[in-house]
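These notes concern the structure reproduced below.
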Amino acid sequence: MRRSVCIPGVILGFLLATASAYADGYVAPSIGVNFGGDAGRTLIGNVDDSSKISYGVAAGYMGKGIFGVEEDFSYSPNFYGKGGNIVATRVFTLMTNVILGIPIGGQTGGGIRPYVSGGLGLINRNVETGLSLPSFSSNQVAYDVGAGLMGYFSDHFGMRGDVRYFRNLESTDNNTLGVSLGHFSFARASVGVLFRF
Numbered sequence: 007m008r009r010s011v012c013i014p015g016v017i018l019g020f021l022l023a024t025a026s027a028y029a030d031g032y033v034a035p036s037i038g039v040n041f042g043g044d045a046g047r048t049l050i051g052n053v054d055d056s057s058k059i060s061y062g063v064a065a066g067y068m069g070k071g072i073f074g075v076e077e078d079f080s081y082s083p084n085f086y087g088k089g090g091n092i093v094a095t096r097v098f099t100l101m102t103n104v105i106l107g108i109p110i111g112g113q114t115g116g117g118i119r120p121y122v123s124g125g126l127g128l129i130n131r132n133v134e135t136g137l138s139l140p141s142f143s144s145n146q147v148a149y150d151v152g153a154g155l156m157g158y159f160s161d162h163f164g165m166r167g168d169v170r171y172f173r174n175l176e177s178t179d180n181n182t183l184g185v186s187l188g189h190f191s192f193a194r195a196s197v198g199v200l201f202r203f
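The number in our numbering is simply the position in the sequence shown, starting from 1, with 6 added.
Here you go:
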């Protein structure tokens, strides 16, 4: 298995194993809408409208201050649509993010936490075709940046709204870092419930 696939999984396991030692561990399942960039585009003509819906879950913790770490997974079935020789398409992202957020009202009971986040991870794109046409699958390193709001009604339950921008990275010989911005990008707005522990 590629290292780019293993690293986010190891980090997620670490987060879940150690979150109880921190003041604000959480899990947040969500549903979202992709927009902008490549979201909603079809690959060829005569294809059913693509779905902009995504499903996801985030797990992380906020420390006793304002900094935190989060693992964010999202899955977008039918990202490019289907029809003709296109059987199925999907995109999923797995990102490890650093979060900067201020707890207004404290870290227990009701309160809100506006935050900004950013990090690196993986974008997987998959297109299955019929007949003799080749299928396409791609794993690429990517980054995301975003902002959102966590709101808690009690010690253990709340809701979260979030907007994030995703873009893939590509290797290049044109700069000293050896990395350049890729051509695949989209944004996601999501809302979900929060379970704090």
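Virtual Cβ for every residue (Gly too), placed ideally from N, Cα, C.
query	result
Indicate the three-state DSSP secondary structure (helix, strand or coil) for Y86 in the structure shown.	coil
In this structure, how does DSSP classify R131 when only helix, strand and coil are distinguished?	strand
Roughly how many angstroms separate the alpha carbons of Y242 and K88, rounded to a whole number?	In the structure as shown, the chain starts at 7 and stops at 203, and residue 242 therefore has no counterpart that could be examined.
Run through DSSP, which three-state label would G43 get?	coil
Look up N174 in the DSSP assignment and give the residues it is bridged to.	A148
What does F201 pair with, by DSSP beta-bridge criteria?	V33, F163
What does the alpha-carbon distance come out to for the pair D168 and G152?	7 Å
For I105, name the three-state secondary structure that DSSP assigns.	strand
Tell me whether R194 sits in a helix, a strand or coil according to DSSP, three-state version.	strand
What is the DSSP secondary structure of D179, counted as helix, strand or coil?	coil
Report the rounded CA-to-CA distance for D30 versus Y67, giving the unit in angstroms.	5 Å
For G112, does the three-state DSSP call read helix, strand or coil?	coil
For G62, which of helix, strand or coil comes out of DSSP?	strand
Once DSSP output is grouped into helix, strand and coil, what is the label at I72?	coil
For L126 versus L100, is the C-beta distance shorter than 8 Å?	no
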